[in-house]
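Q:
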Amino acid sequence: MLYRTLQSFSKYVNKMVPEVVFVLGAPGAGKGTQCTYISKEYGFVHLSAGDLLREERQRPGSEYGEMIEEKIRNGQIVPVEVTCSLLHKAMQKSGKSRFLIDGFPRNKDNLEGWERTMSDKTKLLFVLFFECSQSMCTERCLGRGAAGSGRSDDNLDSLKKRFNTYLNDTMPIIQHYEAQGLVRKIDAEKCPDEVFEKVKEAFDEIGLKTIVC
Ligand code: UDP
Ligand code: MG
């Protein structure tokens, strides 16, 4: 009896733990686009670390605004304390329990910071990794810049730096999760609808049902 009660209590507690999917890939691989699709279909809250940092940069009175702008322009990574706290606040504010964390963790500092402060408060379901060549990613980001993204890093100079950071700092994080069998790799060179078909397979595989409106 006591065992049963404890078992159902632990099931109840497990349900409360926020579930997280990390979404990684080169700049311009299509993380944001696919996250929009996923959140519509599966009801996840889309939290883009880059968007949260850009919002914080714009926030009047932010003590981090200048530092964030400098890092973004140079394709460098903002210290994890800032990013993690923005993510944590956004998760709490949403009141929801399933999150797509887009563009994070991007380096060892990010990974260690998340593990220190958030990994015991959340359950990592898997890591979605969008694979796309540097030439196609560069073309997409420059196209996005020319179409008026307004981003201070959608230019050739920043893009070279972002790619270096991606190859040197983010790839080892993807490999770290790959060694744990947590990475679902998706070919991101196709058109968004085709890429999403593959994304759906990854979500359906772990039994995440589409939401019924
Ligand atoms: N960034 C960061 N930490 C993060 C996410 C983003 O420092 O966890 C900064 C970094 O400078 C990065 C920029 O924000 O180059 C843009 O990130 P975003 O994910 O928006 O770019 P994307 O990869 O989607 O093009
Ligand atoms: Mg993005």
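Residues 67 to 279 in the working numbering are what the sequence shown lists, from first letter to last.
Backbone N, C-alpha and C fix where the C-beta goes; we use that ideal spot for every residue, glycine too.
All values reported here derive from a predicted model rather than from experimental measurement.
1) Are three or more beta carbon pairs between the stretch 111–127 and the stretch 191–199 nearer than 8 Å?
2) Tell me whether residue 126 is buried or exposed, calling it buried when 16 or more other Cβ atoms sit within 10 Å of its Cβ.
3) Short check: CB of residue 179 to CB of residue 144, under 8 Å?
4) Measuring alpha carbon to alpha carbon, tell me which residue in 236, 252, 185, 272 is nearest residue 264.
5) Any idea which residues DSSP pairs residue 299 with across the strands?
6) Relative to the alpha-carbon of residue 89, which residue among 195, 177, 124 has its alpha-carbon at the smallest distance?
7) Any heavy atom of the ligand UDP within a distance shorter than 7 Å of the CB on residue 219?
8) Below 8 Å, how does it come out for the stretch 83–98 and the stretch 226–237: are there three or more Cβ pairs, yes or no?
A: So, from the listed chains and residues:
1) no
2) For the purposes of this step, residue 126 is taken as the residue at position 60 of the sequence shown. Looking at its Cβ environment, which holds fewer than 16 other Cβ atoms inside 10 Å, residue 126 is exposed.
3) Taking the first residue of the sequence shown as 1, we reach residue 179 at position 113. Taking the first residue of the sequence shown as 1, we reach residue 144 at position 78. For residue 179 and residue 144, no; Cβs fall outside 8 Å.
4) Start at 1 with the first residue of the sequence shown, and residue 264 comes out as number 198. For residue 264, the nearest C-alpha among the options comes from 252.
5) No statement about residue 299 is possible, as the shown extent of the chain runs from 67 to 279 and does not include it.
6) Start at 1 with the first residue of the sequence shown, and residue 89 comes out as number 23. Answer by Cα proximity: 195.
7) The sequence position of residue 219 within the sequence shown is 153, counting from 1. Yes; taking the cut-off as 7 Å, the Cβ of residue 219 has a heavy atom of the ligand UDP nearer than that.
8) yes
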